[in-house]
Amino acid sequence: MVNLLTLLVAGLANGSLYALVALGLVLIYKTQDVVNFAHGEILMAGAFIGFSAYTFLHLPYGWSLVAAVLLGGLLGAVIERVAFRRVANQHHITLAMVTVGLSVLMKGLARIPFGRDINTYPPAFKADRVVLWGIPISPQHLLTIAMAASLAVALYLFFRFTALGKKMRATQQTIVGAQLVGINTGNVFASTWALAAMIGAAAGVLAAPLSLLYPDMGTNFLLKGFAAAVLGGFESVPGAIVGGFIVGVVEMLFGGFVSTVFQQVSAFFIIILVLFLKPDGLFGRRALARV
Amino acid sequence: MKRYRILPTSALALCAALALMGARAAPAAAEEGVTADTIRVGMFGPLTGPVSIYGYPINDGALAVYKATNDAGGINGRKIEVIQEDDACDPAKSRAAVKKLISRDHVFAIHGGSCSGATFATRDTMIDEEVPFMVMAATLDKISLPVNRYVYTTTPPGTSDGAEIVRFIRSMPNVKRVGIVRHVDEWANAKMESINASLEQPGLTVVANEVLDRNATDATTQVLHLKAAKPDVVIFVTYPAEGAVFLRDARKYDLAGPFIGTNGVTDLLDLAQRAGGLNAATDVYATAFVAGPVGSPAMAASTALLKKYYPDDRPQSVSFYGMSGAYAVVDALRRAGPNLTRKAFLDALESTKNLPAGPAFCKINITPENHQGCLAQQMWTLRDGKIVALGETWSPTNPTN
């Protein structure tokens, strides 16, 4: 019983990171109809920004997280303005290829200063673990779960009640319609990229103490986040969160009770199964066209 | 008409001149990649991609040896010119890199290959093209076995590493139940082959055998399975980052050691730091084929050499993995004499005897029947925050045990 609870808690902890990555993917996809294959590298960039602030500027963990989130947001806005604005109306495959190029570029750039070693980013708390109801859990995992839950609520409120959030929703529904009512869709795109990158950077700082820092650290998280987004429905913010938690828990339970041999791919089997039964994902809605 | 008579005469004269020029140039251009003042050596390794973290340090160590050789006057009047190619740890790219080095750069020999799969993919090309090949740091046995005239290594192969681990475990008192956590790739499989074979002998039983994927960031399930199996000792055949993840979670869920790692995690202090501190690396052992920990007197000369040519490189054990092969190449080039040919070089390599291997623990011995030049390793552990060498076996009389 303790093992089951231990696996569930570990699955939720890992799943919260996948959920944060999935959130970033979903935001971009909802707005620009493109899967951002560079999102893992945005996570990596956020982790290295936080690491640099912590190591070279000697900022405490909390402030290095803030620095990573702010600079990550700036990075996202710059990427949108420089790499996407001019090709925004191209076919989505073209846009996807731009993100693949960005991914390669960002990893290559990161290797120049950080490519010769595996770096260590200390966790937010000094304690190795706390024991809750007999289950050991690291404070870093607790922080990650809390951050994922808080961000999900904050995003819900943001989209529901703020002017920018409403403009983003309008642009997501129809770009032409949004432009007709006077929304500056360029600013909306930049804001969306900034928001997605801020979430990705936060995920990077939270993940780095668990995964260690190296230029390719984002690839694995991108795969799991992608799986979570697909499972959740790819256009649904709550779906991304739930999908992330499910992927995290499924791979833990599979490794715990079936075999560790296929643990990493177990989540993908579940996704295939779910999509077979519900092709639009758990929270996705089938697109209807009036004719 | 007169014009036509001149033509054959001129042609004959031209041919004779060319033949003379060719004859005069022959000694310097007698062998591919060798000129009057240079010997061109090809090098390849993972300079991009996830494994470039190890690619640069390993190649830089070998390059430092070649640069020092050149600064000391070269070999028989010739300087070593190294041409480096990236294989990104990808078999297709390693084959392309080697073909480019051979057919476009016309190298005399190749010293390279740090990824087992990517390096093995080049073996047939080296043999077909008859290019001398010194493996840099890849450990897959079938790269250097069966013995071939053109392929050599001075890095202990995977089976040797695995056998060393089990020999050490057998020398530990009261150890009967063995748990294993491992990757599934060419590198790990080579080590597991000999570990499994050695564990089949009576006296030890495998009670858990868990897979940990590359780039795993969590080892909860593996640790819980091992803990339930109650092993007396745990072997972890993982790369450094995943090894740190495993030890971190072992500590988190109270899985006790001893933990025995491969020479992939020789840098125990780095491993401890990545796992969360020295407490996470308590009772951790690892095989090592370098003579001593980084910073120890045994490594002082090699460290100084590395820092001289690569001052920005942080010395770590992998920084020295390519040096022993470079010393073997330099020694054989020197003994091959001024009329350098591939045959003379290969003959010299095959007669390497008790050659000091720089930072490596062994002496290099190569014969026509054995091209694996270094097989000796030792076991390291951490005591009071420092790496100490235990020798090849656990011993109660060893003061460090």
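Going line by line, the protein sequences match chains C and W. Using this note's numbering, the first residue of the first sequence is number 1, and each one after it goes up by one. Using this note's numbering, the first residue of the second sequence is number 1, and each one after it goes up by one. Backbone N, C-alpha and C fix where the C-beta goes; we use that ideal spot for every residue, glycine too.
Can you pull the chain W neighbours of residue i, defined as C-beta to C-beta under 7 Å?
i: C:Leu277; result: The premise fails here: C:Leu277 is roughly 27 Å from chain W at the closest Cβ pair, so nothing lies under 7 Å.
i: C:Ser138; result: Lys252
i: C:Asn3; result: Leu224
i: C:Ala10; result: Asp218 and Thr220
i: C:Met252; result: Thr220 and Thr221
i: C:Thr295; result: The structure shown does not extend to residue 295 of chain C, since chain C is modelled only from 1 through 291, so no value can be given for it.
Below 8 Å between beta carbons: does that hold for residue i and residue j?
i: W:Thr352; j: W:Glu31; result: no
i: C:Val69; j: C:Tyr156; result: no
i: W:Glu85; j: W:Phe44; result: yes
i: W:Tyr239; j: W:Gly264; result: yes
i: C:Leu25; j: C:Val35; result: yes
i: C:Gly73; j: C:Val205; result: no
i: C:Gln197; j: C:Gly76; result: At residue 197 of chain C the sequence reads Ala, which differs from the Gln that was named. Taking 8 Å as the Cβ cut-off, C:Ala197 and C:Gly76 qualify as a contacting pair.
i: W:Pro46; j: W:Asp105; result: no
i: C:Val249; j: C:Gly11; result: yes
i: C:Pro136; j: W:Tyr253; result: yes
i: W:Val430; j: C:Thr219; result: Lying outside 1 to 401, the shown extent of chain W, residue 430 of chain W is not represented and no answer is given.
i: W:Thr217; j: C:Leu210; result: yes
i: C:Ala83; j: C:Ala67; result: no
Give me the chain W residues within the contact set of residue i, using Cβ-Cβ distance strictly less than 9 Å, ordered along the chain.
i: C:Thr144; result: None at all; the shortest Cβ gap to chain W is about 11 Å.
i: C:Asp128; result: Arg248, Arg251, Lys252, Gly276, Gly277, Asn279 and Ala280
i: C:Thr6; result: Thr220, Leu224 and Tyr253
Report buried or exposed for residue i, applying the criterion of at least 16 other Cβ atoms within 10 angstroms of its Cβ.
i: W:Ala301; result: exposed
i: C:Glu251; result: buried
i: W:Val234; result: buried
i: W:Ser103; result: exposed
i: C:Asp216; result: buried
i: W:Gln201; result: exposed
i: C:Gln90; result: exposed
i: W:Val51; result: buried
i: W:Pro293; result: buried
i: W:Gly373; result: buried
i: W:Pro311; result: exposed
i: C:Val153; result: exposed
i: C:Ala265; result: Sequence check: residue 265 of chain C is Val here, not Ala. Exposed.
i: W:Val178; result: buried
i: C:Leu95; result: buried
i: W:Gly276; result: buried
i: W:Ala17; result: Only weak support is given to the placement of W:Ala17: the predicted model assigns it a pLDDT of 47, under 50, and the question is left unresolved by the model.
i: C:Ser150; result: exposed
i: W:Val166; result: buried
i: C:Leu4; result: exposed
i: W:Asn279; result: exposed
Just to make sure I have the definition right: I need the residues of chain W whose C-beta is within less than 8 Å of the C-beta of residue i. Which are they?
i: C:Tyr214; result: Pro50, Ile53 and Ala241
i: C:Leu231; result: The contacting residues do not exist; C:Leu231 stays about 19 Å from chain W at best.
i: C:Arg111; result: Thr48 and Ser52
Quick check on residue i: does DSSP put it in helix, strand or coil?
i: C:Leu132; result: strand
i: W:Ala29; result: In this predicted model, W:Ala29 has a pLDDT of only 48, less than 50, meaning its place in the structure is not dependable; the value taken from the coordinates is given anyway. DSSP places W:Ala29 in coil when its eight states are reduced to three.
i: C:Ala19; result: helix
i: C:Gln173; result: helix
i: W:Arg170; result: helix
i: W:Phe236; result: strand
i: C:Thr6; result: helix
i: C:Ala201; result: helix
i: C:Val26; result: helix
i: W:Gly77; result: coil
i: C:Phe257; result: helix
i: W:Ile53; result: helix
i: C:Ile272; result: helix
i: C:Arg116; result: coil
i: W:Thr125; result: helix
i: C:Thr185; result: helix
So which residues on chain C does residue i lean against when the C-beta distance must stay under 7 Å?
i: W:Glu85; result: Ordered by position in chain C, no residue passes the 7 Å Cβ test against W:Glu85, which lies about 17 Å from the chain.
i: W:Ala229; result: The premise fails here: W:Ala229 is roughly 13 Å from chain C at the closest Cβ pair, so nothing lies under 7 Å.
Residues of chain C with CB under 9 Å from residue i, in chain order?
i: W:Gln378; result: In chain order: nothing, as chain C lies at least about 24 Å away.
Just the chain B side, please: which residues come within less than 9 Å of residue i by C-beta, in chain order?
i: W:Ala244; result: Within the model displayed, chain B is absent; protein chains C and W are what it includes.
Can you list the residues of chain C that residue i reaches, using a CB-CB cut of under 8 Å?
i: W:Asp213; result: Gln263 and Gln264
Length-filtered (3 minimum) beta strand (DSSP E) runs lying within the segment 332-401 of chain W: 378-383 and 386-391
Segments of 4+ residues assigned as alpha helix (DSSP H) that fall wholly inside the segment 31-104 of chain C: 39-55 and 61-79
Uninterrupted beta strand (DSSP E) stretches inside the segment 274-336 of chain W (no shorter than 3 residues): 284-288
Start-end ranges of the alpha helix (DSSP H) lying completely within the segment 138-167 of chain W, minimum 4 residues: 141-144
Beta strand (DSSP E) runs wholly inside the segment 194-228 of chain W, at least 3 long, in chain order: 205-211
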